[in-house]
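Notes for the one structure printed next.
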Amino acid sequence: MTRNQNAAVLTLDSPIARFSVSDANPNVHWLKEGANYFGRAASNTIVYPGGEVALFAGILFLNEDKVLMRVAAGQKILHDNKAVDNIVIYAEHTPLILEYASFKFKILRKGDRYALSIF
2 MTRNQNAAVL TLDSPIARFS VSDANPNVHW LKEGANYFGR AASNTIVYPG GEVALFAGIL
62 FLNEDKVLMR VAAGQKILHD NKAVDNIVIY AEHTPLILEY ASFKFKILRK GDRYALSIF
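Here our numbering is used: the first residue of the sequence shown is 2, the next is one more, and so on.
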């Protein structure tokens with residue numbers, strides 16, 4: 002059996018988007034404990050699609066059950082229409098929805114795993 006054959010799928014409904022969390026979903030990026038770099042460059046842990054995203058946009062830090070985001074200098078990531086630079090984006094089952102370029106994203110939890118969902 003392959004990993005994808007064993008992958009469980011969790012479907013979420015929200016007023017913003019309907020999407021599935023699975024190992025095969027290209028819009029879901031599983032976080033590793035510690036630093037997860039994101040941006041357009043292939044060297045990042047999480048590679049955003051599209052040319053409107055900076056080569057390096059920031060870092061997501063997963064520490065047990067919390068995710069902190071540190072935004073790279075010069076990048077504009079919004080929460081509730083306000084620019085943020087260092088912010089806890091997931092703690093105690095409460096994800097924040099953020100905006101970057103034409104994308105929205107948030108952290109999802111599945112068991113003891115955490116993922117960045119881009120929509």
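Note that CB positions come from ideal geometry on N, CA and C, so glycine has one too.
Note that the structure is predicted; figures quoted are calculated from it, not measured.
query: Where LYS107 falls, given that 16 or more other Cβ within 10 Å makes a residue buried; result: buried
query: Identified DSSP bridge partners for PRO96; result: TYR91
query: Given ALA42 as reference, the closest of TRP31, LEU32, LYS33 and VAL54 once Cα atoms are compared; result: VAL54
query: Close-in-space but distant-in-sequence residues of the same chain around ILE88 (CB under 6 Å, 5 per side omitted); result: MET70
query: Touch test, the region 78–85 against the region 27–44, Cβ-Cβ under 8 Å, three pairs minimum; result: no
query: Close beta carbons around TYR101, own chain, < 6 Å, minus the five adjacent residues each side; result: ILE78
query: Buried or exposed by the 16-neighbour rule on C-beta atoms within 10 Å, applied to LEU63; result: buried
query: Residues near ARG19 by beta carbon distance below 6 Å, same chain, minus five either side; result: Here ARG19 scores only 36 on pLDDT, less than 50, and its place in the model should not be relied on; the value that follows carries that caveat. Counting only Cβ-Cβ distances below 6 Å, and skipping sequence neighbours, we find nothing.
query: 8 Å Cβ cutoff met for GLN76 and GLY51; result: no
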